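Colleague: Residue numbers for the sequence shown follow the working numbering, so the first one is 19 and each next one is one higher.
Just so you know, even glycine gets a beta-carbon here, dropped at the ideal spot from N, CA and C.
The structure displayed is predicted, hence computed values, not measured ones.
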Amino acid sequence: MAQVATLDERINESEMKAMDANRYATKKTIAQGMLDIALLTANASQLKYILQVGEQHQFYKLMLILISLSIVLQILSGVLSLSLSLLRDCRLHQPEFHQSANIINHVRTGFAFFTTMINLFISAFDSRLPPPQGDLLNNVN
19 MAQVATLDER INESEMKAMD ANRYATKKTI AQGMLDIALL TANASQLKYI
69 LQVGEQHQFY KLMLILISLS IVLQILSGVL SLSLSLLRDC RLHQPEFHQS
119 ANIINHVRTG FAFFTTMINL FISAFDSRLP PPQGDLLNNV N
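1. Sort THR59, GLY51, ARG109 and LYS45 by Cα distance to SER88 and report the nearest one.
2. Starting from the C-beta of PHE115, find all residues in its chain whose C-beta is less than 8 Å away, skip the five residues before and the five after it, and write them out in chain order.
3. Give the C-beta separation of GLN112 and ASP54 to the nearest angstrom, bearing in mind that I take them to be a contact with Cβ-Cβ under 8 Å.
4. So, under 8 Å CB-CB, PHE132 and LEU80 are touching, yes? Tell me the CB distance rounded to an integer number of Å.
5. DSSP state of ARG41, grouped into three classes?
6. Output needed for VAL125: all residues of its chain with C-beta closer than 7 Å, excluding positions within five of it in sequence on either side, in chain order.
7. Mark ILE121 as exposed unless 16 or more other C-beta atoms lie within 10 angstroms of its C-beta, in which case mark it buried.
8. Answer with buried or exposed for LEU84, where buried requires no fewer than 16 other C-beta atoms within 10 angstroms of its C-beta.
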């Protein structure tokens, strides 16, 4: 005997699917914000370390410039995210604001890309990592 879903049951199923998409987007946004905060915290810690070590660090000036640039790009990216959020809440329903929202989004994505590239260079020049030990097989007695 086949069961026929009532109209109310089908509406509830479609509402649940809509809520799931919204829930996913919310979780994704929260996770992205937490990662941004973690990266900003790590950069602040690296900046503190570089300033404490000073000129003794092999790549002092380069690290100081890269870390500062990364922090500035992260702050600008956050400001663009806030402006995009305010634009979405206030005026994005108007078609004349769609192009400016797309431009802000593309610029923010570019900032995120350059921040990632800069942080790759920061990790490459970080001297807190232990020096490579060479081939382990050659050190065996």
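Modeller: To lay it out plainly:
1. THR59
2. LEU105 and ARG109
3. Actually they do not touch by this definition, with Cβ atoms about 29 Å apart.
4. That pair is no contact at about 16 Å.
5. Helix.
6. LEU98
7. exposed
8. buried
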